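Engineer:
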Amino acid sequence: MDPLTIYQRLSEHFGPRNWWPADTAFEVMVGAILTQNTAWINVVKAMDSLKAADCLSAESIDTLPQDTLARLIRPSGYYNMKAKRLKAYCSWYLQQGGFDSINAMPTDAMRETILSVYGVGPETADDIVLYAFNRPVFVIDSYTRRIFSRLGLVDGSKTYEELRQYFESRLPAEPALLNEYHALIVIHGKNYCRKRPLCDQCPLAIDCGYFQG
DNA sequence: ACCCAGGGTCATA
DNA sequence: TATGACCATGGG
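Just so it is clear: in the first sequence, position 128 is 119 by the numbering used here, and no numbers are missing.
#1: Is the beta carbon of residue 97 closer than 8 Å to that of residue 127?
#2: Tell me the rounded alpha-carbon separation between residue 113 and residue 106.
#3: Sorted by chain position, which residues of the same chain lie with C-beta nearer than 7 Å to residue 0's C-beta, five sequence neighbours on each side aside?
#4: Quick check on the DSSP output: the alpha helix (DSSP H) that includes residue 140 runs from which residue to which?
#5: When the Cα of residue 16 is compared with those of 64, 39 and 125, which residue comes out closest?
#6: From residue 155 to residue 131, what does the alpha carbon distance come to, in whole angstroms?
#7: Count the other C-beta atoms from every protein chain shown that fall within 10 angstroms of the C-beta of residue 27, then say buried if there are 16 or more, exposed otherwise.
#8: By alpha-carbon positions, which one of 143, 111 and 90 ends up nearest to residue -7?
#9: Going along the chain, which residues of its own chain have a beta-carbon closer than 6 Å to the beta-carbon of residue 47, five neighbours each way excluded?
#10: Would the beta-carbon of residue 77 fall within 8 Å of that of residue 24?
#11: Alpha carbon to alpha carbon, how far is residue 71 from residue 121?
#12: In the structure shown, what three-state DSSP assignment does residue 11 receive?
#13: Using 8 Å as the threshold, is the C-beta distance between residue 52 and residue 81 below it?
#14: Can you have a look at residue 9 and say buried or exposed, based on whether 16 or more other CB atoms are within 10 angstroms of its CB?
#15: Is it buried or exposed, residue 6, if we count other Cβ atoms within 10 angstroms and call 16 or more buried?
#16: DSSP on residue 99, reduced to helix/strand/coil?
#17: Tell me which same chain residues have a C-beta within less than 7 Å of the C-beta of residue 61, skipping the five on either side of it?
#18: Taking only the alpha-carbon atoms, compute the straight-line gap between residue 64 and residue 110 and give it to the nearest angstrom.
#19: Are the CB atoms of residue 20 and residue 123 nearer to each other than 8 Å?
#20: Which term fits residue 88, buried or exposed, when burial requires 16 or more other beta carbons within 10 angstroms of its beta carbon?
#21: By DSSP, does residue 65 sit in helix, in strand, or in coil?
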């Protein structure tokens, strides 16, 4: 079974996912950092808090004291660390000249530059490259490792880059498809890999091994 | 009460 | 290169 077939199976089962859940490209970037190892419901609370304080902009976050920012994003967890990361990202973002300047870069250069920002690792960088800049990169997350290693298609212990190459070399470089694919992997993980050792209704008909790690 | 979520950095060997 | 400690709230 190849990655494209699995994509089609998930797509038929779940339908369009309309990712990323955000109103603007900048909100995608903030959300990508806030959701690191964190349930999305808590990220929504932190984002609402930022909006209510009228602080959901690169200029505000860059200007705000770290402690003040930390209090605003408290519900998302790791708030001291994430306040530092958000400020590092927004400082970099403004220094680059904002969305249009970054968007003028080729995808590979864009990815490397974003990856060099403090607090942005490979998954967060690819979330931003794909969902904020609509470039064709495949996002690897823990669900991806678990599902595809359980299917026997990859060694889940391989590096992020090795896994990314595996998928990108087997899928069309279409942002719309890669956008949908990652969203489908996440909804599949949420719906079928939690709470049940055996995923009875799983559209992939596999035991994702959730309780085995 | 326990587990973990749409990860990443840093120190250590 | 590869583990391990650490970060921290909130839902199931």
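Every residue gets a Cβ at the ideal spot worked out from N, C-alpha and C, and that includes glycine.
Computed from a predicted model, the values in this text were never measured in an experiment.
Structural biologist: So, to answer that:
#1: no
#2: 6 Å
#3: 194 and 195
#4: 133 to 141
#5: 125
#6: 6 Å
#7: buried
#8: 143
#9: 41
#10: yes
#11: 27 Å
#12: coil
#13: yes
#14: exposed
#15: exposed
#16: helix
#17: 70, 71 and 74
#18: 16 Å
#19: yes
#20: exposed
#21: helix
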